[in-house]
Each structure stands twice: as C-alpha cells, then as structure tokens.
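Here the structure comes first, spelled out in structure tokens, and everything after it is commentary.
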Amino acid sequence: MTTHIVCPSGLAGEIRGLKGKEGKLLSDRAAARAGAMFEKLLAGCWLTTSDPGIYDLPEGGAVDWSKVLVADRFYTLLQIRAQTFGNDYAFSVQCQSPGCRERFEWSLNLQALPVVPLSDAAKVAFKSGNRFETTLPRDGRKVWFRLMTGADEMRAASVLRGGRDGMLLTALALRICEIENVPDHERRKFLDELDMADAAALLDQFDQADAGVETAIEVECPACLGVQDVELPFERSFFLPTAKTARRTARAQ
Ligand SMILES: [Zn+2]
Numbered sequence: 040m041t042t043h044i045v046c047p048s049g050l051a052g053e054i055r056g057l058k059g060k061e062g063k064l065l066s067d068r069a070a071a072r073a074g075a076m077f078e079k080l081l082a083g084c085w086l087t088t089s090d091p092g093i094y095d096l097p098e099g100g101a102v103d104w105s106k107v108l109v110a111d112r113f114y115t116l117l118q119i120r121a122q123t124f125g126n127d128y129a130f131s132v133q134c135q136s137p138g139c140r141e142r143f144e145w146s147l148n149l150q151a152l153p154v155v156p157l158s159d160a161a162k163v164a165f166k167s168g169n170r171f172e173t174t175l176p177r178d179g180r181k182v183w184f185r186l187m188t189g190a191d192e193m194r195a196a197s198v199l200r201g202g203r204d205g206m207l208l209t210a211l212a213l214r215i216c217e218i219e220n221v222p223d224h225e226r227r228k229f230l231d232e233l234d235m236a237d238a239a240a241l242l243d244q245f246d247q248a249d250a251g252v253e254t255a256i257e258v259e260c261p262a263c264l265g266v267q268d269v270e271l272p273f274e275r276s277f278f279l280p281t282a283k284t285a286r287r288t289a290r291a292q
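Following this note's numbering, the numbering of the sequence shown begins with 40 at its first residue and continues without gaps.
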C-alpha cells in the first residue's frame, strides 16, 4: 500500500511504509547517531515524485534528501510512520510538576497536528539561493539567514555533539549566511557579544520563515490535572512501536 503526500513546501510524491530491512536499520545505533538513519528511511520509502515543488531534481532523478528542507523531511518521516503503524501515536510523559512526577501515557492522532505550509515569499527566497533577509532590532545591522536542510541538520547534530557552543549559539551560527559589515572570521566573536534581545529576535525570524509540523503539544497530567507543553518525542522509538501498537496495527489490517 502506498500514499500520496504533499509536503509543507509543495514537494509531492508517493510513499510506502517501513519494511523489515528498515527495521534492521532502526536497531543500528551507530547509524542513528550519525544521522544516516533518517536519510536511508527517506530514500527507501519515497517511491516517486509527482511535483518537485521548490527543488531542482535531475531529469527523472531521485530526491536528494540532504538538500531538502528539514520541515519537508520531518513531515515525510511522520507520514511514513503513520503509513506503517497508523495515525495513532502513543508515548510516555512524566509530569513536570515537582510535587507530582507522575508517569503517564499520552496518545494523539498524527494527522491532527497542525502543519504550516511554506509561504510564497519563503519559496522565492529558497529558490534564489536559500537567503532570507532581516534586521537586528537593537544593533540595526542586516542579517541573512537560511532555512535548515538535511545537510544542515547533520552538521547541527555533529556540532552539538562536540558540545562547544550550546544550543543557542549553534542554532544561530548554523543558520546565518552573512552579517552586514562583519567578516566571516569575526562572526563567532560578534555572536558572542550579541544582545540576547537581538538573538531572540533572530530566532523569531527563523521561526516565522520556517514551515512544518507543529510539534509543541499540550498534555494534561491525569494525577494532578496540571497542563503542560511537551515536544512531540521524535527518536528511534517513533518508528519502533510497542508490542501493543503492533497488535493494534495487525488487527486493523
Ligand atoms: Zn502531575
């Protein structure tokens, strides 16, 4: 069975669910750490392209997932998961309230997560070199940044593993292409000295340009009824169902 999907950028095509060979891949921890796992899942489960959207594909050629926006990659992986195990996704959450700490199961319908499409302006900016312009509100300088692709995501993972800079500086450094009147070799120093207000404004600009699946979800603790925001867990376990899900999936087919 296959499904036709349309990604946030407009890239459209046919996907299939996971097979045994991908199951083997998912149990390979080394591949997971290197980020090669998702690459292989995408390449294996994306069957044909009906609309390349903003991407230049070689004549009759396959999608180069390292050049595809993270938003599209994530959307496709989520659809592959849904195709394989169904739309229901259950995961375990621990209550964040210090007095409670209850562990409970939360489940949701993957197709009900809001998806923000890539704006027309962002499509144009992506196609003309993936450059987006903004201005730092305090400093007044112009900054050009890009939307993250598969290759950037791999780079981000290796920089974060290196543990030099922490999340914020890494997020900024990886996405900035150019800062007005700051030579490339001084960019790092400039970012170290950047006002937090400007850094936050930049991250906001990144978010506004970005498309994709909304992964911040609200859950309610059944013990203390506290409502909290959690990020949709997205790891190997996303593709490795519990025995319970596998049974449910088998029954439904
Ligand atoms: Zn609680």
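For each residue, glycine too, the CB sits at the ideal point set by N, CA and C. On a predicted model such as this, the values are computed, not experimentally measured, just so you know.
C-alpha distance - residue i paired with residue j, whole-angstrom precision
| i | j | result |
| --- | --- | --- |
| Phe277 | Pro156 | 23 Å |
| Leu213 | Glu144 | 35 Å |
| Asn148 | Val109 | 21 Å |
| Glu257 | Ala51 | 30 Å |
| Ser105 | Ala82 | 10 Å |
| Thr87 | Arg68 | 29 Å |
| Glu219 | Pro47 | 30 Å |
| Ala151 | Pro176 | 36 Å |
| Val163 | Ala75 | 29 Å |
| Ser167 | Arg194 | 22 Å |
| Lys58 | Leu80 | 10 Å |
| Glu225 | Ala196 | 23 Å |
| Val107 | Gly100 | 14 Å |
| Val198 | Gly205 | 9 Å |
| Phe165 | Ala129 | 35 Å |
| Asp95 | Arg200 | 32 Å |
Residue i and residue j closer than 7 Å at C-beta
| i | j | result |
| --- | --- | --- |
| Leu230 | Leu264 | no |
| Glu259 | Val269 | no |
| Gln133 | Thr42 | no |
| Trp85 | Ile44 | no |
| Leu271 | Leu65 | no |
| Ser158 | Asp127 | no |
| Asp178 | Asp246 | no |
| Ala255 | Cys139 | no |
Three-state secondary structure assigned by DSSP to residue i
| i | result |
| --- | --- |
| Leu279 | coil |
| Val132 | strand |
| Val198 | helix |
| Ala262 | coil |
| Gly251 | strand |
| Ile93 | coil |
| Gly59 | helix |
| Val182 | strand |
| Thr41 | strand |
| Val155 | strand |
| Val107 | coil |
| Ala102 | It is worth fixing the name first, because residue 102 is Val in this sequence and not Ala. Here Val102 sits in coil by DSSP. |
| Glu225 | helix |
Identity of the residues DSSP links to residue i by a beta bridge
| i | result |
| --- | --- |
| Trp85 | Ile54 |
| Asn148 | Asp127 |
| Ile256 | Val269 |
| Thr115 | Its beta-bridge partners do not exist; DSSP assigns none. |
| Phe143 | Val132 |
Original post:
Is it true that the region 229 to 247 meets the region 173 to 184, where meeting means three or more beta-carbon pairs spaced less than 8 Å apart?
Top reply: yes
Subject >> Stretch-stretch touch, CB-based, cutoff 8 Å, three pairs: the region 213 to 228 with the region 185 to 204 >> reply: yes
Subject >> Meets three-Cβ-pair contact criterion under 8 Å: the region 245 to 252 and the region 110 to 118 >> reply: yes
Subject >> Contact shell at 5 Å, judged by CB to any heavy atom of ligand 3, ordered along the chain >> reply: Because ligand 3 does not appear in the structure shown, any question about it cannot be addressed here, the ligands present being ligand 1.
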